[in-house]
Each structure stands twice: as C-alpha cells, then as structure tokens.
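Worksheet: one structure, shown below.
In our numbering, the protein residues as written are 13 to 631.
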C-alpha cells in the first residue's frame with residue numbers, strides 16, 4: 013500500500029505544487045522556488061524507491077491500483093496506475109531532469125520578473141509527464157498528454173521580450189494539436205473496440221488486424237507531433253525560443269519522450285504494417301535531423317535538431333521490434349541531452365550569445381563546463397564507454413537482427429542509422445570546436461546553482477550505459493525482456509549482453525570518421541556544411557507553410573469575409589429594415605398634440621354629423 017501511494021504521488025505532488033505556485037505573486041521567488049525544487053526532489057526520491065522495489069520483483073510484475081472516476085454509458089474512466097520496472101526508471105529520469113532544471117533555473121532566471129508562474133508551469137509539466145508514465149487508463153493518459161501540450165505552449169512563450177517566442181509557442185501548440193487529433197481518434201477506436209479504456213483490457217482484447225492498424229496509424233499521428241517525427245517535426249527547433257532550462261526539460265524527459273514511451277507501452281497494438289510506416293518515418297527523421305544540425309550556427313538549434321535525429325533512432329528501434337533498445341536510448345538520451353542543454357545555457361549565460369560564431373576558446377575560462385559538455389557530446393556521438401554508445405548500438409543491433417531475418421525495414425533503419433552516426437560525429441565535433449577552441453570572448457563557469465546540476469547529469473551520461481551489463485531483467489509492459497540485448501525470458505545471458513561486434517565497430521568508426529573530417533576542415537578554416545539547404549532543413553518548413561499554413565489562412569480569411577458579409581450582412585440588413593419600418597411608423601406618429609386634438613375633434617364632428625344625418629333620414 014505504501015508503494016501504491018508513492019506511485020500516486022508521482023503526478024500528484026508536482027501537480028499540487030504547480031497549482032499552488034500559480035496563486036503566488038509573479039515576482040516572488042523563494043516560495044515558488046521552494047515549491048518547485050521540493051516537489052521535484054520528492055518525486056525523484058519516490059521514483060527511485062519504486063525503481064529499486066520493482067527491480068527486485070519477479071519479471072512481469074507491476075504495482076497497480078485503480079479507482080473509478082466517471083461513467084459514460086457502458087464506459088468507466090478510472091484513476092488507474094501501473095508502475096513496473098521500466099515505468100519506474102522512466103519516472104526516475106523525469107524526476108532527475110525536472111529536479112536539475114528547477115535548481116538550475118534559480119540561477120539562470122535570477123532576474124526573471126515572472127519566475128513564480130514559470131516554476132509552477134514546470135511543476136505542472138512534470139506532473140503531466142508522470143501521469144503519462146504511470147497511467148493505466150487511456151483517457152487519463154490523454155489528460156496528461158494534453159496538459160503537456162498546454163504547458164509547452166506557456167513555457168516556450170515565457171520570455172515576452174523575445175519577438176519570436178509567441179510565434180514559436182503557437183507553432184508548437186498547433187502542430188502538436190494536429191497530431192493529437194489522430195491520437196484522440198486512435199484512443200477512441202481502441203476503447204470502443206475493446207469495450208474499455210483500461211490499458212490491460214485493450215491489450216488483451218481480440219481486435220481485428222484492420223482495427224489495430226487503423227488505431228495504430230492514428231496513434232502515430234500523435235506520436236509524430238509530440239516526438240517531433242517527420243513530417244510534424246518542424247515545431248521543435250523553433251521551440252528554442254523558450255528559456256534554455258525548458259529546452260532541456262522538453263528535449264530530455266518530457267513531451268518528446270512521451271511518444272516513444274507510449275508506443276512501447278502499447279506495443280502489441282502496432283501491427284507490422286503500422287511499424288513499417290513508423291520505420292520509414294523514423295529513418296527520414298534521424299538523417300534529416302542530423303543533416304540539419306550539421307549546418308546550424310545557433311548552439312541551441314544544433315542540439316534541437318540533434319534531438320529530432322535521436323528521436324528518430326528511438327522510433328526506429330521500435331519499428332524493428334526493439335522496444336527494450338528504444339527505451340534504453342530514451343533513458344541515456346535524457347541524461348546526456350539534459351546535460352548538453354544546461355551546459356549550452358551556461359555558455360550562453362557567460363558570453364551573451366547563442367551563436368557559435370561568437371564563441372570559441374572557452375575551454376580555458378570555463379573548464380567545468382568544457383569537461384561536462386565534452387562528456388555529453390561524446391555520449392551523443394556514441395563514443396565508448398559513454399552512455400550513448402551502449403544505447404545507440406542496442407538499436408543498431410536490433411536493426412541488424414531484423415534485417416538479417418529478412419525484413420527490409422531492418423535494412424532501412426540500419427543503413428540510415430549508420431549514415432546518421434557519421435553525420436552525428438561531424439556536427440558534434442563542429443559544435444565542440446566552435447564553442448571551446450580557437451579564439452573568442454572570455455567566459456566564466458556558472459554559479460553553484462547552475463554548476464551542480466551539470467556535474468550531477470554528467471554521471472549518468474558517462475556511466476548509465478553499463479546498466480546493459482548489470483544483468484537486471486526489466487519488463488517492458490506488456491511483454492517481458494532483458495534490458496537491453498537479451499532474449500525474452502531467458503537465463504542470465506552473460507556475454508550476449510555485449511554490443512553487436514559489427515554494429516559497434518562500424519558505429520564507432522563512422523562517428524570518429526565524421527568527426528575527423530570536421531576537424532580537418534576546421535584546421536583549414538573551412539565550414540562547407542553551413543549551406544542554405546541544410547541550414548533550412550531542406551526547406552520543409554517553407555513547404556509546410558505553402559501547403560498547409562497559407563491555404564488554412566486563406567480559408568480563414570474567406571470564412572471571416574463570408575461571416576462579415578453574409579451572416580453579419582443578413583443580421584445587419586434585417587436590423588436596418590426593422591429600423592426603417594420603425595422610422596416610418598415614427599414619422600406617421602410624429603405630428604404634434606395640436607394636430608392630434610384637431611383630428612380627434614374633426615373626427616368627432618364628422619361622427620356627430622353622420623348621426624344627425626342618419627336621424628333626419630330615418631324620419
């Protein structure tokens with residue numbers, strides 16, 4: 013029972029802290045900071061305790077409980093939670109990043125005049141992601157899913173001094189909402205077909221392949237929006253208009269991770285046809301994101317496009333029947349991407365610019381930031397023994413196994429993944445050299461409130477990959493597997509946990525090769541990657557603008573004009589007609605009292621004459 017209360021506290025505690033924080037004055041700092049840091053710290057400890065408990069339990073067991081919330085006809089919506097080992101580990105990642113962001117923000121936003129709503133919205137964002145992680149009811153999961161979208165809109169547009177922030181917030185909200193329409197319909201299809209919205213009931217229901225394919229494709233629309241998959245990826249780079257700690261939170265542990273987690277959670281729903289679509293989408297996303305990252309000058313946009321690419325790896329792992337590998341990469345990516353964004357924030361805070369062309373030579377004046385960012389970039393590039401090497405290779409190994417089993421999607425994900433490894437190595441070295449080497453302004457390491465979160469996140473970025481060798485069985489609901497390489501329900505596999513030899517060698521060689529090419533070009537003073545087609549991500553934003561945004565705006569203008577001229581015209585014309593009739597009657601009743609008296613007397617005299625005349629005639 014105590015463990016069940018801990019599980020319920022994961023979304024409840026930050027939700028209460030966020031709602032309380034919204035009641036505080038905007039400029040207050042100590043109380044909202046205390047609420048945000050305290051709530052995220054408690055959630056992190058609760059998630060850690062649950063993770064320890066679940067890892068000790070037999071495979072396939074999960075902590076669960078439910079209470080009815082509402083009934084709609086034959087359907088019951090329940091406050092149902094389920095926390096297995098993987099859910100607990102994802103909750104640990106969310107709690108750790110949220111805690112680091114709350115602590116970091118006290119220094120980064122030291123002079124922000126709207127700190128109280130900011131801290132409260134971060135808490136609500138954390139609560140929404142936790143609700144997605146622990147929910148065992150699709151309707152309740154949808155609530156957390158949508159609250160994340162609302163919080164992302166508020167937090168991306170937090171800095172009202174930036175002219176691009178409102179547009180970026182609206183773009184993120186609208187693009188993700190477009191995908192969420194499909195997500196909502198997918199949940200409706202599953203719930204009505206299964207007769208229940210409880211996830212265990214949905215997964216155990218005998219649904220037809222057509223129903224599952226339809227529901228899976230609809231769910232993928234929401235996943236594409238939330239997890240920034242092609243073609244709904246364009247909002248994520250623009251979301252860099254938000255404060256840097258929010259970039260870390262969105263990119264590492266909330267929002268974009270939600271889509272990957274939900275696909276793994278509902279994995280039996282996704283038919284081979286749906287996974288094929290996911291594999292194609294993932295392959296385009298991972299290579300597109302890496303190539304776009306290669307040409308950016310804004311350090312935050314490099315990391316943003318990097319997130320798009322890494323999300324492509326995660327969804328690619330799901331497409332080749334590697335949910336264990338995808339969730340492993342989700343966890344390691346949460347660590348090193350949060351580290352990279354917060355380190356980038358420290359650099360921006362020190363030099364006053366986002367542009368790498370305005371940086372350089374910072375390794376001497378910012379040694380702590382240089383060290384931790386080197387660890388994060390090495391993990392991103394997949395350099396052993398850092399975390400990214402293990403988790404990324406687990407996806408490449410899954411793709412290799414799926415390819416050799418005769419599936420073309422395995423070859424697509426494998427080849428695209430290896431090409432992306434090379435491009436990743438190139439843009440990682442470009443960012444590293446452009447920020448910390450050469451000549452540039454002097455900087456300074458951040459204050460303790462910003463420094464300690466960096467040091468703390470550097471530890472899992474360096475060591476988390478060794479969890480693959482720990483021999484723990486981590487159940488992926490609703491199937492069971494080893495984390496991250498071993499066969500399902502097998503004995504302790506020992507050497508089988510090692511990375512695949514071919515993919516590991518190729519991956520490291522390609523990453524180092526891409527980095528070496530960048531290094532050689534940098535020494536010559538060349539940057540051939542900063543070409544317009546890559547900097548603008550193949551102009552897909554412009555294509556989206558021409559094919560979607562402009563036609564929608566044109567239809568909106570047409571509808572507004574029709575409303576103004578037809579609907580409003582009919583109403584205003586009717587009103588004008590009634591007013592004209594009223595004016596006519598008013599003019600008819602307009603003569604003065606004298607005329608009325610004369611008319612009455614005249615009428616009386618006329619009647620009297622008629623009476624007299626009729627009496628005379630009667631005689």
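Here a beta-carbon is modelled for each residue, glycine too, at the ideal position from N, C-alpha and C. Quick caveat: nothing in here was measured; it's all calculated off a predicted structure.
Identity of the residue in 34, 233 and 114 nearest residue 190 by Cα: The shortest Cα separation from residue 190 among 34, 233 and 114 belongs to 233.
DSSP state of residue 501 mapped onto helix, strand, coil: Because residue 501 carries a pLDDT of 31, less than 50, the predicted location of this residue cannot be relied on, and the following value inherits that uncertainty. Of the three classes helix, strand and coil, the one that applies to residue 501 here is coil, per DSSP.
Buried or exposed by the 16-neighbour rule on C-beta atoms within 10 Å, applied to residue 280: That one is exposed.
Residue 94 - DSSP class collapsed to helix/strand/coil: Taken through DSSP and simplified to helix, strand or coil, residue 94 comes out as strand.
Cutoff 6 Å; reference residue 436; Cβ partners in own chain excluding five residues on either side: Only 302 and 393 meet the Cβ criterion.
Three-state secondary structure (DSSP) of residue 80: Per DSSP, reduced to three states, the secondary structure at residue 80 is strand.
Burial state of residue 321, where buried means 16 or more other Cβ atoms lie within 10 Å: Here residue 321 is buried. Its C-beta has 16 or more other C-beta atoms within 10 Å.
Proximity winner among 213, 218 and 151, relative to residue 199 (alpha-carbon distances): Cα-wise, what sits closest to residue 199 is 151.
Given residue 329 as reference, the closest of 132, 205, 175 and 425 once Cα atoms are compared: Ranking 132, 205, 175 and 425 by Cα distance to residue 329 puts 425 first.
CB of residue 274 within 9 Å of CB of residue 306, strictly: No.
Touching by the beta-carbon criterion (3+ pairs, under 8 Å), the segment 111-125 and the segment 344-363: Yes, the segment 111-125 is in contact with the segment 344-363.
Residues of its chain near residue 385, where Cβ-Cβ distance is below 7 Å and the 5 sequence neighbours each way are ignored: Only 352 and 355 meet the Cβ criterion.
Touching by the beta-carbon criterion (3+ pairs, under 8 Å), the segment 130-139 and the segment 22-37: Yes: at least three Cβ pairs fall under 8 Å.
Three-state secondary structure (DSSP) of residue 376: Three-state result, residue 376: helix.
Any non-hydrogen atom of the ligand ZN closer than 8 Å to residue 538 Cβ: No copy of the ligand ZN occurs in the structure displayed, which carries no ligand at all.
Closest Cα partner of residue 431 within the set 221, 83 and 295: The residue with the shortest Cα to Cα distance from residue 431 is 295.
Stretch pair the segment 452-472 + the segment 373-381: three plus CB contacts closer than 8 Å: In short, these stretches touch, since the Cβ pair count reaches three.
C-beta contact flag for residue 37 and residue 131 at 9 Å: A distance of 9 Å or more separates the beta carbons of residue 37 and residue 131.
Cβ-Cβ separation, residue 148 to residue 94 (assumed contact under 8 Å), whole Å: With a Cβ gap of about 4 Å, residue 94 and residue 148 count as contacting.
Pick from 235, 104, 442 and 80 that is closest to residue 542, judged by C-alpha positions: Measuring from the Cα of residue 542, the nearest candidate turns out to be 442.
Residues of its chain near residue 452, where Cβ-Cβ distance is below 6 Å and the 5 sequence neighbours each way are ignored: Within the same chain, residue 452 has close Cβ partners 371, 372 and 373.
Strand pairing of residue 89, partner residues [DSSP]: DSSP output for residue 89 lists 82 as bridge partner(s).
Every unbroken alpha helix (DSSP H) within the segment 507-571, with a cutoff of 4 residues, ordered by chain: You should have 513-535, 544-547 and 552-556.
Classification of residue 82 by the beta-carbon crowding that lies within 10 angstroms, buried from 16 upward: Of the residues assessed, residue 82 falls on the exposed side of the cut-off, its CB having fewer than 16 other CB atoms within 10 angstroms.
DSSP-derived helix/strand/coil call for residue 32: Under the three-state reduction of DSSP output, residue 32 falls in the helix class.
Identified DSSP bridge partners for residue 147: The partner list for residue 147 (beta bridge, DSSP) reads 93.
Helix, strand or coil at residue 575 according to DSSP, with G and I counted as helix: Shown here, residue 575 sits in a helix according to DSSP, grouped into three states.
CB-CB length for residue 170 against residue 126, believed under 8 Å: The Cβ separation is near 7 Å, so the contact holds.
Given 8 Å, three or more beta-carbon pairs between the segment 51-59 and the segment 95-110: Yes, the segment 51-59 touches the segment 95-110.
First through last residue of the alpha helix (DSSP H) which encompasses residue 293: Looking at the DSSP string, the run of the alpha helix (DSSP H) that includes residue 293 is 284-305.
Rounded distance between the beta-carbons of residue 406 and residue 340, thought under 8 Å: In this structure, residue 340 and residue 406 form a Cβ contact; the two beta carbons are roughly 5 Å apart against a cut-off of 8 Å.
Between the CA atoms of residue 106 and residue 49 - distance to the nearest angstrom: Each residue's alpha carbon lies about 13 Å from the other.
Residue 291 vs residue 409 beta-carbon contact at 9 Å: No, the Cβ-Cβ distance between residue 291 and residue 409 is not below 9 Å.
Backbone CA spacing between residue 146 and residue 270 [nearest angstrom]: Distance from the CA of residue 146 to the CA of residue 270, rounded to the nearest whole angstrom, comes to 12 Å.
Of the residues 208, 345 and 51, the one placed nearest residue 85, counting alpha carbons only: Selected option, being the one with the closest Cα: 208.
Cβ pair residue 166, residue 181 closer than 9 Å: Yes, they are a contact pair.
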